[in-house]
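S.K.:
There are 2 protein chains.
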Amino acid sequence: MSPTNELAAPTGLTLRRVAIDTYHENVAYLHRDCAVVRAEGFQALSKVEVRANGRRILATLNVVDDQAIVGCHEIGVSEDAFARLEVAGGHPASVSPAEPPESIPALFRKINGERLGRDDFRHIIRDIAELRYSKIELTAFVVACNRSELDREEVYFLTEAMVASGRRLDWNETLVVDKHCIGGIPGNRTSMLVVPIVAAHGLVFPKTSSRAITSPAGTADSMAVLANVELPFEQLTGIVRQHHGCLAWGGTAQLSPADDVLISVERPLSIDSPGQMVASILSKKIAAGATHLVLDIPIGPTAKVRSMPEAQRLRRLFEYVAQRMHLSLDVVITDGRQPVGRGVGPVLEARDVMQVLENDPRAPDDLRQKSLRLAGRLIECSPDVRGGEGFRIARDILDSGRALAQMRAIVRAQGDRSFDHHHPALGALTQAVRAPAAGVVIGIDNLQIAQIARLAGAPKVQGAGVDLCVKLGQQVAAGDVLYSVYASYPADLEFARQASERASGFSVGTAAQVPHVFVEF
Amino acid sequence: MSPTNELAAPTGLTLRRVAIDTYHENVAYLHRDCAVVRAEGFQALSKVEVRANGRRILATLNVVDDQAIVGCHEIGVSEDAFARLEVAGGHPASVSPAEPPESIPALFRKINGERLGRDDFRHIIRDIAELRYSKIELTAFVVACNRSELDREEVYFLTEAMVASGRRLDWNETLVVDKHCIGGIPGNRTSMLVVPIVAAHGLVFPKTSSRAITSPAGTADSMAVLANVELPFEQLTGIVRQHHGCLAWGGTAQLSPADDVLISVERPLSIDSPGQMVASILSKKIAAGATHLVLDIPIGPTAKVRSMPEAQRLRRLFEYVAQRMHLSLDVVITDGRQPVGRGVGPVLEARDVMQVLENDPRAPDDLRQKSLRLAGRLIECSPDVRGGEGFRIARDILDSGRALAQMRAIVRAQGDRSFDHHHPALGALTQAVRAPAAGVVIGIDNLQIAQIARLAGAPKVQGAGVDLCVKLGQQVAAGDVLYSVYASYPADLEFARQASERASGFSVGTAAQVPHVFVEF
Numbered sequence: 001m002s003p004t005n006e007l008a009a010p011t012g013l014t015l016r017r018v019a020i021d022t023y024h025e026n027v028a029y030l031h032r033d034c035a036v037v038r039a040e041g042f043q044a045l046s047k048v049e050v051r052a053n054g055r056r057i058l059a060t061l062n063v064v065d066d067q068a069i070v071g072c073h074e075i076g077v078s079e080d081a082f083a084r085l086e087v088a089g090g091h092p093a094s095v096s097p098a099e100p101p102e103s104i105p106a107l108f109r110k111i112n113g114e115r116l117g118r119d120d121f122r123h124i125i126r127d128i129a130e131l132r133y134s135k136i137e138l139t140a141f142v143v144a145c146n147r148s149e150l151d152r153e154e155v156y157f158l159t160e161a162m163v164a165s166g167r168r169l170d171w172n173e174t175l176v177v178d179k180h181c182i183g184g185i186p187g188n189r190t191s192m193l194v195v196p197i198v199a200a201h202g203l204v205f206p207k208t209s210s211r212a213i214t215s216p217a218g219t220a221d222s223m224a225v226l227a228n229v230e231l232p233f234e235q236l237t238g239i240v241r242q243h244h245g246c247l248a249w250g251g252t253a254q255l256s257p258a259d260d261v262l263i264s265v266e267r268p269l270s271i272d273s274p275g276q277m278v279a280s281i282l283s284k285k286i287a288a289g290a291t292h293l294v295l296d297i298p299i300g301p302t303a304k305v306r307s308m309p310e311a312q313r314l315r316r317l318f319e320y321v322a323q324r325m326h327l328s329l330d331v332v333i334t335d336g337r338q339p340v341g342r343g344v345g346p347v348l349e350a351r352d353v354m355q356v357l358e359n360d361p362r363a364p365d366d367l368r369q370k371s372l373r374l375a376g377r378l379i380e381c382s383p384d385v386r387g388g389e390g391f392r393i394a395r396d397i398l399d400s401g402r403a404l405a406q407m408r409a410i411v412r413a414q415g416d417r418s419f420d421h422h423h424p425a426l427g428a429l430t431q432a433v434r435a436p437a438a439g440v441v442i443g444i445d446n447l448q449i450a451q452i453a454r455l456a457g458a459p460k461v462q463g464a465g466v467d468l469c470v471k472l473g474q475q476v477a478a479g480d481v482l483y484s485v486y487a488s489y490p491a492d493l494e495f496a497r498q499a500s501e502r503a504s505g506f507s508v509g510t511a512a513q514v515p516h517v518f519v520e521f
Numbered sequence: 001m002s003p004t005n006e007l008a009a010p011t012g013l014t015l016r017r018v019a020i021d022t023y024h025e026n027v028a029y030l031h032r033d034c035a036v037v038r039a040e041g042f043q044a045l046s047k048v049e050v051r052a053n054g055r056r057i058l059a060t061l062n063v064v065d066d067q068a069i070v071g072c073h074e075i076g077v078s079e080d081a082f083a084r085l086e087v088a089g090g091h092p093a094s095v096s097p098a099e100p101p102e103s104i105p106a107l108f109r110k111i112n113g114e115r116l117g118r119d120d121f122r123h124i125i126r127d128i129a130e131l132r133y134s135k136i137e138l139t140a141f142v143v144a145c146n147r148s149e150l151d152r153e154e155v156y157f158l159t160e161a162m163v164a165s166g167r168r169l170d171w172n173e174t175l176v177v178d179k180h181c182i183g184g185i186p187g188n189r190t191s192m193l194v195v196p197i198v199a200a201h202g203l204v205f206p207k208t209s210s211r212a213i214t215s216p217a218g219t220a221d222s223m224a225v226l227a228n229v230e231l232p233f234e235q236l237t238g239i240v241r242q243h244h245g246c247l248a249w250g251g252t253a254q255l256s257p258a259d260d261v262l263i264s265v266e267r268p269l270s271i272d273s274p275g276q277m278v279a280s281i282l283s284k285k286i287a288a289g290a291t292h293l294v295l296d297i298p299i300g301p302t303a304k305v306r307s308m309p310e311a312q313r314l315r316r317l318f319e320y321v322a323q324r325m326h327l328s329l330d331v332v333i334t335d336g337r338q339p340v341g342r343g344v345g346p347v348l349e350a351r352d353v354m355q356v357l358e359n360d361p362r363a364p365d366d367l368r369q370k371s372l373r374l375a376g377r378l379i380e381c382s383p384d385v386r387g388g389e390g391f392r393i394a395r396d397i398l399d400s401g402r403a404l405a406q407m408r409a410i411v412r413a414q415g416d417r418s419f420d421h422h423h424p425a426l427g428a429l430t431q432a433v434r435a436p437a438a439g440v441v442i443g444i445d446n447l448q449i450a451q452i453a454r455l456a457g458a459p460k461v462q463g464a465g466v467d468l469c470v471k472l473g474q475q476v477a478a479g480d481v482l483y484s485v486y487a488s489y490p491a492d493l494e495f496a497r498q499a500s501e502r503a504s505g506f507s508v509g510t511a512a513q514v515p516h517v518f519v520e521f
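Given below as structure tokens:
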């Protein structure tokens, strides 16, 4: 998408918005009998350039045989692509065979196993952020950078390029803290506790989060149960100035936009290689203006990281790139053997969080302890706090109700949604999943629980999800409820029920079979 | 696509054909406000299963905001996908989150650099042939198998799996010959000469070819100028029985269908790794029933293979896999420094071929010599021909007019199109490209000439293309015509003109700079 003064391609077409959301890929639609150009000839070339209004975009071409979708004198474009042209339908437009994006030779070199330089990554990431890559090219980049294909210097170049591809916030503060988890553990809503605790201590903590992509809830999804999370940038800044913290959706801020595009192909392939994970996470945090980051790496048999040596290798890569990018990083290795807390899904997780903030006796202790530990590490970034004191300070802030007050202030500032966690609005349809035999819970599969909650409708349906009744090491009798599934639509409940019948996610055995804790907790 | 007795997903939707050709990818379209399932929740999961008529397909989901495309009680599918369901629009249908194709764990192992076994390739290729892979998964497979990632045993497994994915013809003959070129050389229409020569000698030569994908003409495109090439299988068999040979389009025969799907992502990435090339070519030829194959590997600075050591490595891999598949293979290394013949494009290439068959003094000698050489090698497959005699026999057949008579018989049998090569129907719009300075032609870029012919409209527009006036080593004066571009549509001529202005494809210099011939010719 850039203005151009080049020779215009032959025109005679008008632009048409084709109301299809093609999910981070520009698609152009031409009628097979297009009056101006031969659609089928273009298709095999795979990429066309559409120009209108002095702008141009690259798009993948689909040939259409229905004038209700696109006529013979029209060039149709999908919703993303239409928005990028910033012009009304009916505007004159032209289409021509696309010159490949400038960075394609560098991509081909990477596919062929070469090491790339700083400028190569800059060009590739710029083209990706501007949606100039097709899904095919994106996938080729992701797979070619998979495994140990990127050395740590290349990961640094990639991170730097991703930061440069979008906006970079500057808070004019010497100390801006943030926290992040590498993901994969359902119910792990520590940010909604760590932010109010650390902000109550006075540190600046502008937390922007993504919405869930393949998980049943992201921080932004759960926070949206309590408050508005789609904040204009100026409002977000004001809230951080006044309350030291916020819990907002980062999507409007255009932070590391190439990351969102790359994720659209990484997730379907379950590719989460160390290099791409480091670049993705650090670029978002650096673009958000963080100076100090606490990073949570959970270990467990169904977590992203499954052994301590693997966690240590990942930690070293994070630390190397953070140091090159002048970010102070503190890695915390945590227990990822099972979901954190009880609820999995936006409303259920918001309920758990509020119980912890209110010091409710029903509050899940694992969520409380983990949040205090992470908050303590961040509080120790303050020059006046001695190492080892953070946990106690965090606990005092939580126990005294100051964290709750801070959260209430942030919620009011962002726009209170009046969530009543004593009467959470759960999905009206429910299904209990029961223990097939007596024994001790020896395994809870993070991936399967996430999948079931997702099928039940989370996060799109806020009240949908999974509510766990027992956790690792607990004794169950045959027929005891392991968890309840909540849904709002019959089809969703049915999808979730079928999945839980195939595999409930729970394993029951003897006390000796409970996997040991990889880390102190 | 397989019948199923499984528990049906919740339904209440009706099927709708969405007349969009998504080019070897099944796409499903759901309205954002679909009454039955949450379209956006599905989208991030990237793959859905659509069931109708006892059949099921996997598809990538696009969310739609226009009821003219798909309504709230409909599930739309793209043209390929609709055809696979074999049912009329309006039929009850259901959609559910897809279980990943069975072979995905094997794909992930390949992405992670593991060696795959025979069954892995069989499962992957079956899923690919049945369009169960998304473009993202296809690309991941292709990139993960690129470079030296496949050992020769794996290439054999891949070839075998590709043969097994489709139909395999059996001619009930001990000797069935075929020829193939690895491609990349415009104008290289030797098959249309080799088939009539070798068939006139009495060998069975059932030549099926593909249409051009990114080249300006395939054998099937040029043959279509002379005769019908879309033959029902029974007719094709009859012609081969009667005339020993045919020149038909292979698309209807379902030979190695996975290959066509893989090509749809390999071409945009210019990936043509040795392993994939060997599996692609040999699987097609073995599926077509060949027992003896002559393979043409051209070498040149803009050919696919650019050095003799590279050609020898490729030859050894072809020979290893052919031997494992019990195919007798004869590799011929040829001159790939420039296009073969004069014309590039269906009509222009058909004209060159007819001139050679008629022993017209204007016939391009390089096309004649190369065809005789390849035909000679095939004729030597006959038990009664001594090594070294083939070329002379082929030349006698051509010079005597027997090859022309054989071709005329084949053309009549397939359905004569009454092509008059003395007055070929070329595009009405033309543009001459001239030498900028005097000198000797020292380079003709195969890729650039192919691209210009393609932009001019070839192969969709039969009379479009490039007609070369001079070849390597010839002297030109400034302003001499190097080649003429033919087109039928103003937009096409303009695209080709712009491309030839950026780079004509010709280099002019001194006689000493003409690249040496890698091979005897």
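Those sequence lines, one after another, are chains A and B.
Residues in the first sequence are numbered consecutively from 1, following the working numbering.
Residues in the second sequence are numbered consecutively from 1, following the working numbering.
Idealized CB from N, CA, C, for every residue including glycine.
Inspect the CB distances between the segment 452-459 of chain B and the segment 468-479 of chain B and report whether three or more fall short of 8 Å.
M.R.: no
S.K.: Are the CB atoms of B/His244 and B/Leu295 nearer to each other than 8 Å?
M.R.: Locating residue 244 of chain B in the second sequence gives position 244, where the first residue counts as 1. Locating residue 295 of chain B in the second sequence gives position 295, where the first residue counts as 1. No.
S.K.: Closest by CA to B/Tyr320, which one among B/Glu310, B/Ile449 and B/Tyr156?
M.R.: If you number the second sequence from 1, residue 320 of chain B lands on position 320. Closest option to B/Tyr320, Cα to Cα, is B/Tyr156.
S.K.: Taking a Cβ distance cut-off of 9 Å, strictly less, list which residues of the segment 25-38 of chain A are near chain B, in chain order.
M.R.: Those residues of the segment 25-38 of chain A that come within reach of chain B (Cβ to Cβ, closer than 9 Å) are Val27, Tyr29, Arg32, Val36, Val37 and Arg38.
S.K.: Is any beta-carbon of chain A found at less than 8 Å from that of B/Lys370?
M.R.: Looking up residue 370 of chain B in the second sequence gives position 370. Not an interface residue.
S.K.: How far does the alpha helix (DSSP H) with A/Asn446 in it reach, from first residue to last?
M.R.: Here the question's residue 446 of chain A lines up with position 446 in the first sequence. Start and end: Asn446 to Leu455.
S.K.: At a Cβ threshold of 8 Å, is B/Pro309 touching chain A?
M.R.: Here residue 309 of chain B corresponds to residue number 309 of the second sequence, with the count starting at 1. For B/Pro309, the answer is no, since every Cβ of chain A falls outside 8 Å of its Cβ.
S.K.: Kindly indicate which three-state DSSP category B/Thr14 falls into: helix, strand or coil?
M.R.: Taking the second sequence and counting its residues from 1, the one referred to as residue 14 of chain B is at position 14. Of the three classes helix, strand and coil, the one that applies to B/Thr14 here is strand, per DSSP.
S.K.: Please work out which residues of its chain come closer than 8 Å, Cβ to Cβ, to A/Lys207, disregarding the five sequence neighbours upstream and downstream, and give them in chain order.
M.R.: The sequence position of residue 207 of chain A within the first sequence is 207, counting from 1. Around A/Lys207: Asp178, Lys179, Ser191, Val195, Thr219, Gly245, Cys246, Leu247 and Ala248.
S.K.: Rounding to the nearest angstrom, what Cα-Cα distance links B/Ser488 and B/Ala478 in this structure?
M.R.: Taking the second sequence and counting its residues from 1, one reaches residue 488 of chain B at position 488. Taking the second sequence and counting its residues from 1, one reaches residue 478 of chain B at position 478. Cα to Cα, the separation comes out at about 28 Å.
S.K.: Kindly indicate which residue of A/Thr14, A/Val27, A/Leu15 and A/Tyr23 has the alpha-carbon position closest to the one of B/Ile20.
M.R.: Position 20 of the second sequence, counted from the start, is the residue given in the question as residue 20 of chain B. When each option's Cα is compared against that of B/Ile20, the closest is A/Val27.
S.K.: Look up A/Asp178 in the DSSP assignment and say whether it is helix, strand or coil.
M.R.: For the purposes of this step, residue 178 of chain A is taken as the residue at position 178 of the first sequence. Annotated three-state conformation of A/Asp178 is strand, per DSSP.
S.K.: Using a cut-off of 7 Å between C-beta atoms, extract the partners of A/Pro97 located in chain B.
M.R.: Within the first sequence, the letter at position 97 stands for residue 97 of chain A. Ordered by position in chain B, the residues that pass the 7 Å Cβ test against A/Pro97 are Leu455 and Phe495.
S.K.: Which of the three DSSP states is assigned to B/Ser2 in this structure?
M.R.: Start at 1 with the first residue of the second sequence, and residue 2 of chain B comes out as number 2. In this prediction, B/Ser2 has a pLDDT of 38, which is less than 50 and means its spatial position is unreliable; nothing more can be read from the coordinates.
S.K.: What residue range does the alpha helix (DSSP H) around B/Gln323 cover?
M.R.: Locating residue 323 of chain B in the second sequence gives position 323, where the first residue counts as 1. Met308 to Arg324 is the extent of the alpha helix (DSSP H) around B/Gln323.
S.K.: In the DSSP assignment, what are the bridge partners of B/Gly439?
M.R.: Translated into the one-based positions of the second sequence, residue 439 of chain B becomes position 439. Note: B/Gly439 sits in a beta bridge opposite B/Val476.
S.K.: Return the Cβ separation of B/Pro424 and B/Ser222 in integer angstroms, given the expectation that the two are a contact with Cβ distance under 8 Å.
M.R.: Here the question's residue 424 of chain B lines up with position 424 in the second sequence. Here the question's residue 222 of chain B lines up with position 222 in the second sequence. Actually they are not in contact, since the Cβ atoms of B/Pro424 and B/Ser222 sit about 12 Å apart, beyond 8 Å.
S.K.: Once you ignore the five residues that flank A/Val36 on each side, which residues in its own chain have a CB closer than 6 Å to its CB?
M.R.: As a working mapping, residue 36 of chain A is identified with position 36 in the first sequence. Closer than 6 Å at the Cβ level, and outside the excluded window around A/Val36, lie Gly12 and Leu13.
S.K.: Counting only beta-carbon atoms, is B/Leu7 nearer than 8 Å to chain A?
M.R.: Here residue 7 of chain B refers to the residue found at position 7 when the second sequence is read from its first residue. Confidence at B/Leu7 is low in this model, with a pLDDT of 40, below 50, so the placement of that residue should be treated as unreliable; the coordinate-derived value is given next. Yes, because at least one Cβ of chain A sits closer than 8 Å to the Cβ of B/Leu7.
S.K.: Output, in sequence order along the chain, the residues in the segment 110-139 of chain B whose CB is closer than 9 Å to any CB in chain A.
M.R.: Ile111, Asn112, Gly113, Ser134, Lys135, Ile136, Glu137, Leu138 and Thr139
S.K.: Kindly indicate if chain A contains any beta-carbon less than 8 Å away from that of B/Leu269.
M.R.: As a first step, residue 269 of chain B is located in the second sequence; it is residue number 269 there, counting from the start. Yes, its Cβ sits closer than 8 Å to a Cβ of chain A.
S.K.: Please report the distance separating the alpha-carbon of B/Gln323 from that of B/Ala499.
M.R.: Residue numbering aside, residue 323 of chain B sits at position 323 when the second sequence is read from its first letter. Residue numbering aside, residue 499 of chain B sits at position 499 when the second sequence is read from its first letter. Roughly 44 Å separates the two Cα atoms.
S.K.: Specify, as a first and last residue, the run of the beta strand (DSSP E) that B/Arg497 falls within.
M.R.: Counting from 1 along the second sequence, the entry for residue 497 of chain B is found at position 497. From DSSP, B/Arg497 is part of no beta strand (DSSP E) but of the alpha helix (DSSP H) over Pro490 to Arg502.
S.K.: Which residues in the same chain as A/Val70 place their Cβ atom closer than 8 Å to its Cβ, once the five residues preceding and following it in sequence are excluded?
M.R.: Counting from 1 along the first sequence, the entry for residue 70 of chain A is found at position 70. Within the same chain, A/Val70 has close Cβ partners Arg16, Val18, Tyr29, Leu30, His31, Val64 and Gly76.
S.K.: Using CA atoms only, rank isn't needed, just tell me which of B/Ser270, B/Asn359 and B/Met325 is closest to B/Arg152.
M.R.: In the second sequence, residue 152 of chain B corresponds to position 152, counting from 1. Per the Cα distances, B/Met325.
S.K.: A/Arg56: which of A/Asp33, A/His73, A/Arg84 and A/Asn62 sits nearest, CA to CA?
M.R.: Position 56 of the first sequence, counted from the first residue, corresponds to residue 56 of chain A. Closest by alpha carbon: A/Arg84.
S.K.: Against chain B, does A/Thr559 count as a neighbour if the rule is that its beta carbon must be under 8 Å from one of theirs?
M.R.: No information on residue 559 of chain A is available, as it lies outside the stretch 1 to 521 that chain A covers here.
S.K.: Are the beta-carbon atoms belonging to A/Leu426 and A/Ile197 less than 8 Å from one another?
M.R.: For the purposes of this step, residue 426 of chain A is identified with residue 426 of the first sequence, where counting begins at 1. For the purposes of this step, residue 197 of chain A is identified with residue 197 of the first sequence, where counting begins at 1. Against a cut-off of 8 Å, the Cβ pair of A/Ile197 and A/Leu426 comes out as no contact.
S.K.: For A/Pro186, which of helix, strand or coil comes out of DSSP?
M.R.: Working through the first sequence from its first residue, we reach residue 186 of chain A at position 186. Note: A/Pro186 maps to coil in three-state DSSP.
S.K.: Less than 8 Å between the CB atoms is what I'm expecting for A/Gln406 and A/Ala199, so what's the real figure, rounded?
M.R.: The residue labelled residue 406 of chain A in the question sits at position 406 within the first sequence. The residue labelled residue 199 of chain A in the question sits at position 199 within the first sequence. A/Gln406 to A/Ala199, Cβ: 5 Å. Contact.
S.K.: For B/Glu74 and A/Ala68, I'd like the C-alpha separation in whole angstroms.
M.R.: Numbered from 1 along the second sequence, position 74 holds the residue referred to as residue 74 of chain B. Numbered from 1 along the first sequence, position 68 holds the residue referred to as residue 68 of chain A. For B/Glu74 and A/Ala68, the distance between alpha carbons rounds to 16 Å.
S.K.: What are the residues that DSSP puts in a beta bridge with A/Asn522?
M.R.: Since the displayed chain A opens at 1 and closes at 521, residue 522 of chain A lies outside it and no answer follows.
S.K.: Kindly list the residues whose CB is nearer than 7 Å to the CB of B/Ala503, restricted to its own chain and excluding five residues on each side of it in sequence; keep chain order.
M.R.: Counting from one through the second sequence, the residue named residue 503 of chain B turns up at place 503. Closer than 7 Å at Cβ, skipping near neighbours: Gln448.
S.K.: Exposed or buried, which one is A/Phe521 when buried takes at least 16 other CB atoms within 10 Å?
M.R.: Translated into positions along the first sequence, residue 521 of chain A becomes position 521. Legend: pLDDT at A/Phe521 = 43, less than 50; position of this residue unreliable, value from coordinates given subsequently. Exposed.
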